[in-house]
Amino acid sequence: MSAEAKPLSGLRVLVPRGGTWGNLVSKALREQGAQTVIAPLVDFAHTSEEDKLVQALKELEEGRFDWLTATSSTVADVLQHHNAVIHPDTKVAVVGEATAVAFRDAGYPITRTPHEDNNTTHALLEEWPEIDSGEVLRVLTLRSDVATPVLTTGLLSRGHDVTPVLAFRTVGVPASVHIREDIESGRINALLVASPKIAMEVAEQFPNLPETTILACVGVNAHETAVSLGLPLEADDSSHPLHKQKQAVVDTVESVIDQSDTLD
Numbered sequence: 369m370s371a372e373a374k375p376l377s378g379l380r381v382l383v384p385r386g387g388t389w390g391n392l393v394s395k396a397l398r399e400q401g402a403q404t405v406i407a408p409l410v411d412f413a414h415t416s417e418e419d420k421l422v423q424a425l426k427e428l429e430e431g432r433f434d435w436l437t438a439t440s441s442t443v444a445d446v447l448q449h450h451n452a453v454i455h456p457d458t459k460v461a462v463v464g465e466a467t468a469v470a471f472r473d474a475g476y477p478i479t480r481t482p483h484e485d486n487n488t489t490h491a492l493l494e495e496w497p498e499i500d501s502g503e504v505l506r507v508l509t510l511r512s513d514v515a516t517p518v519l520t521t522g523l524l525s526r527g528h529d530v531t532p533v534l535a536f537r538t539v540g541v542p543a544s545v546h547i548r549e550d551i552e553s554g555r556i557n558a559l560l561v562a563s564p565k566i567a568m569e570v571a572e573q574f575p576n577l578p579e580t581t582i583l584a585c586v587g588v589n590a591h592e593t594a595v596s597l598g599l600p601l602e603a604d605d606s607s608h609p610l611h612k613q614k615q616a617v618v619d620t621v622e623s624v625i626d627q628s629d630t631l632d
């Protein structure tokens, strides 16, 4: 397929997260013809539950958990930062390609992931036979402070012994002057809004977006937050001339990641 024929040709897309997530998303967008600029609008800080996390990681090393779950690649960074050891008897369930790549790169084993065609948190709950075996499992769920506790809630509803821990906090990062100028001038003409927190940062940092800028929201939570903040989402209308490209951005991103970083 020539560059001219690719669906995202002509777009210069801001990818608002770095690391494994940003690299996977950027690669997928470039393969569809886009130019990408990785410029994190969010980063991750130490948890407000540091003592609880340290205790949980000690118990993880001792083998007191049957399972560990993660839906964010950042969890692998947290484990490495703490030199965490996963006991050989503890199984690991992860959601999302970026999460799986980060765990494997860090040398941590993975026991279960959802099917690649539906690599979502809800799918994991449906495809995880051990949690419906009747045995009460002890599970450590590690997530962000802004995550919706989907796995935690699902496991608790099945009667399991769940220890939920906020492994990290999500904080905003100011864009550089160069990035702001490129967005305000339209040189960056598409912004990827991949979480509610990113929507908040876009609304605060870029109040004067050009009318031709595409805001591509990935996931219901990100979209609802963008709407509540009054972000310009005209391209959601199928009759809008930019709708086709916007949908192509969303489809491309969702082909490699799930909005699971805003879940647990």
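For the working numbering, count along the sequence shown from 1 and bump the result up by 368.
Ideal placement from N, C-alpha and C gives every residue a C-beta, glycine not left out.
| Query | Result |
| --- | --- |
| Got a sec, what are the start and stop residues for the alpha helix (DSSP H) residue 614 sits in? | 611-622 |
| For the pair the stretch 466-484 and the stretch 549-559, tell me if three or more CB-CB distances fall below 8 Å. | no |
| Measure the CB-CB distance between residue 483 and residue 518 and report whether it falls below 8 Å. | no |
| Measuring CA to CA, which of 466, 460, 524, 462 is closest to residue 389? | 466 |
| Starting from the N-terminal side, write out each stretch of the alpha helix (DSSP H) that is 4 residues or longer and does not extend beyond the stretch 438-520. | 441-449, 465-473, 489-494 |
| Which residues mark the beginning and the end of the beta strand (DSSP E) in which residue 382 is found? | 380-383 |
| Inspect the CB distances between the stretch 422-430 and the stretch 396-411 and report whether three or more fall short of 8 Å. | no |
| If I measure Cβ to Cβ from residue 507 and keep anything under 6 Å in the same chain, skipping five residues before and after, which residues do I get? | 435, 523, 528, 530 |
| Tell me the residue span of the beta strand (DSSP E) that contains residue 404. | 403-406 |
| Roughly how many angstroms lie between the CA atoms of residue 573 and residue 410, to the nearest whole one? | 12 Å |
| Would you kindly check if the distance between the Cβ of residue 487 and the Cβ of residue 464 is under 8 Å? | yes |
| Nearest chain D C-beta to residue 463 closer than 8 Å, yes or no? | Going by chain labels, chain D is absent from the structure shown, which holds only one protein chain. |
| Tell whether a beta-carbon distance below 8 Å holds between residue 558 and residue 581. | yes |
| Whole alpha helix (DSSP H) runs in the stretch 515-549 with 4 or more residues, listed along the chain? | 518-525 |
| Could you check the C-alpha separation between residue 424 and residue 536 for me, to the nearest Å? | 14 Å |
| Three or more C-beta pairs under 8 Å: does that hold for the stretch 456-463 against the stretch 434-448? | yes |
| State buried or exposed for residue 589, treating a residue as buried only when at least 16 other CB atoms are found within 10 Å of its CB. | buried |
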